[in-house]
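*Asks:*
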Amino acid sequence: MTTESYRSVASTFTSLLSVKNSKFIAVIFPCVSLDNFKIELSQLKKQHPKASHFCHAIAVKENEISFRSSDDGEPSGTAGLPILGQLKSAQLLQVGLVVIRYYGGTKLGASGLIQAYKESARLVIESSDVIVIEQKVRFEIQGAYGVLMGLVTRCAKYKWKADIKVKRDNAYQLEIITSESEKNKVNEMISKINDISSELIYLK
11 MTTESYRSVA
21 STFTSLLSVK
31 NSKFIAVIFP
41 CVSLDNFKIE
51 LSQLKKQHPK
61 ASHFCHAIAV
71 KENEISFRSS
81 DDGEPSGTAG
91 LPILGQLKSA
101 QLLQVGLVVI
111 RYYGGTKLGA
121 SGLIQAYKES
131 ARLVIESSDV
141 IVIEQKVRFE
151 IQGAYGVLMG
161 LVTRCAKYKW
171 KADIKVKRDN
181 AYQLEIITSE
191 SEKNKVNEMI
201 SKINDISSEL
211 IYLK
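Heads up: the sequence shown begins at 11 in the numbering used here, then just goes up one per residue.
Here's what the structure looks like:
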């Protein structure tokens, strides 16, 4: 899994699996941070106050890629890790996946739980709209107004977002935002221009 581009989900998707009278409601959703996940989990708990477990896994990138999982009271290793395994297998990032269990009165055993949570996660991933998101980068270029305007014209040709701003010291700064895959094209363009300085910034 790379951070230049990654697979995620377009929106929230839900699936239902029934195993020996227990219901497993799987919910997958876009998630950009651990704090964002906590908010989504809190909302799901409000929507399902009678559920017995909220087992989950998270794959997010803040400063670095982070994977988290929780069995939420189920026997250790029977819920969170199988869910996380499905996220990794599908190579998904910036997502949260919660499997909500309504206990049906019949114990499934460790192997039964692992299979149920794994299958719940697989089903909801399969039903979701998986998309590819490219890493965005920003070039901050300092130079004379006329030179920067020339670059704006070239950016329009490639449909790169380009804006000129005036800084506090009355210097002009051009911001170009594009995808990681086109970073080298921008570098090649600005390398041919004299009397400018540039900085590359990766956007979160």
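We treat Cβ as the ideally placed atom computed from N, Cα and C, and that holds for glycine. Keep in mind it's a predicted model, so treat the numbers as computed, not measured.
Check whether the region 89 to 101 and the region 113 to 131 touch, using three or more Cβ-Cβ pairs below 8 angstroms as the test.
*Replies:* Yes, the region 89 to 101 is in contact with the region 113 to 131.
*Asks:* Whole beta strand (DSSP E) runs in the region 84 to 165 with 3 or more residues, listed along the chain?
*Replies:* Counting only runs of 3 or more, we get 105 to 112, 140 to 144 and 146 to 153.
*Asks:* Quick one: what's A20 bridged to in DSSP?
*Replies:* DSSP lists no partner for A20.
*Asks:* Using 8 angstroms for Cβ pairs, my map puts I174 next to V157. What's the rounded Cβ distance?
*Replies:* The pair is not a contact, with the Cβ atoms about 11 angstroms apart (cut-off 8 angstroms).
*Asks:* Taking the continuous alpha helix (DSSP H) assigned at E198, which residues delimit it?
*Replies:* E198 -> alpha helix (DSSP H) spans K193 to S201.
*Asks:* Taking only the alpha-carbon atoms, compute the straight-line gap between K177 and T188 and give it to the nearest angstrom.
*Replies:* Each residue's alpha carbon lies about 22 angstroms from the other.
*Asks:* Which parts of the region 61 to 87 are runs of the alpha helix (DSSP H), unbroken and 4 residues or longer, counting only runs that do not cross its ends?
*Replies:* Listed in chain order, there is nothing to give.
*Asks:* Does the Cβ-Cβ distance between V3 and A36 come in under 9 angstroms?
*Replies:* No statement about residue 3 is possible, as the shown extent of the chain runs from 11 to 214 and does not include it.
*Asks:* What is the DSSP secondary structure of L51, reduced to helix, strand or coil?
*Replies:* If DSSP states are grouped into helix, strand and coil, L51 belongs with the helices.
*Asks:* So who's on the other strand from V29, going by DSSP bridges?
*Replies:* In the DSSP output, where bridge partners are listed per residue, V29 has S32.
*Asks:* Could you check which residue in S21, W170, Q101 and S207 has the C-alpha nearest to that of S15?
*Replies:* Of the candidates S21, W170, Q101 and S207, the one whose C-alpha sits nearest the C-alpha of S15 is Q101.
*Asks:* Work out the CA separation of F39 and V19 for me, nearest whole Å.
*Replies:* Taking the straight line joining both Cα atoms gives about 7 angstroms.
*Asks:* Since L133 and S25 should fall inside the 8 angstroms C-beta cutoff, what is the C-beta to C-beta distance between them, to a whole number of angstroms?
*Replies:* L133 to S25, Cβ: 4 angstroms. Contact.
*Asks:* Alpha carbon to alpha carbon, how far is S138 from T22?
*Replies:* Each residue's Cα considered, the two are about 8 angstroms apart.
*Asks:* Please report the straight-line C-alpha distance between L27 and A172, rounded to a whole angstrom.
*Replies:* Each residue's alpha carbon lies about 48 angstroms from the other.
*Asks:* By alpha-carbon positions, which one of E84, I135, Q96 and L97 ends up nearest to Y112?
*Replies:* It is E84.
*Asks:* Once you ignore the five residues that flank Q57 on each side, which residues in its own chain have a CB closer than 7 angstroms to its CB?
*Replies:* The answer is none, since no qualifying residue turns up.
*Asks:* Around the Cβ of A181, are there at least 16 other Cβ atoms within 10 angstroms (buried) or fewer (exposed)?
*Replies:* It is exposed - the Cβ of A181 has fewer than 16 other Cβ atoms within 10 Å.
*Asks:* Considering only C-alpha positions, which residue in the set R164, S191 and E136 is nearest to Q96?
*Replies:* Of the candidates R164, S191 and E136, the one whose C-alpha sits nearest the C-alpha of Q96 is E136.
*Asks:* Rounded to whole angstroms, what is the Cα-Cα separation between K71 and K55?
*Replies:* Looking at the two C-alpha atoms, the distance is approximately 24 angstroms.
*Asks:* Who are the Cβ neighbours of E50 in its own chain at under 7 angstroms, not counting the five residues just before and after it?
*Replies:* Counting only Cβ-Cβ distances below 7 angstroms, and skipping sequence neighbours, we find F39, C41 and G106.
*Asks:* Apart from the five residues on each side of it in sequence, which residues of its chain come closer than 6 angstroms, Cβ to Cβ, to T12?
*Replies:* Here the model assigns T12 a pLDDT of 44, short of 50, so the residue's position is not dependable, and the following value carries that caveat. Once the five neighbours on either side are set aside, T12 has no close Cβ partner at all.
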